[in-house]
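Colleague: Okay, handing you the structure first.
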Amino acid sequence: MPGSYSYGKSVLIALDQVVNALCGGWPDETLSSRAWRWEQAGKRSWPRRVIDRAAAIFGDTNHCRESYESERLLRQMPPELRLF
């Protein structure tokens with residue numbers, strides 16, 4: 540089981556990754572991370588705003604940026620699979 544993630548959170552992340560893959564994204568990336576990258580690239584900002592507002596209801600501020608950083612730092616990977 541992932542270190543700091545509960546089983547429920549792990550399942551939600553997996554579902555998020557499936558939806559992202561079905562929408563043409565990378566299979567191991569979440570929609571939140573993709574939305575952050577889109578906004579930073581100047582492509583579209585509305586997905587990040589929608590996701591961050593929804594996450595804020597649960598007290599999760601800056602959700603998309605934090606998701607991107609988590610992906611970038613491979614936090615979702617088991618420690619023994621991280622290359623750095």
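Read in order, the letters of the sequence shown are residues 540 to 623 in the working numbering.
Ideal placement from N, C-alpha and C gives every residue a C-beta, glycine not left out.
Pro-566 and Ala-574: beta carbons closer than 8 Å?
Modeller: Against a cut-off of 8 Å, the Cβ pair of Ala-574 and Pro-566 comes out as no contact.
Colleague: Do Ser-545 and Thr-569 count as a contact pair if the criterion is CB distance below 8 Å?
Modeller: No, these two residues do not count as a Cβ contact at 8 Å.
Colleague: Let me know the secondary structure DSSP gives Trp-565 once reduced to three states.
Modeller: Trp-565: coil per DSSP, three-state reduction.
Colleague: Less than 8 Å between C-beta atoms, sequence neighbours within five positions excluded: which residues of the same chain meet that for Val-558?
Modeller: Here the set comprises Leu-570.
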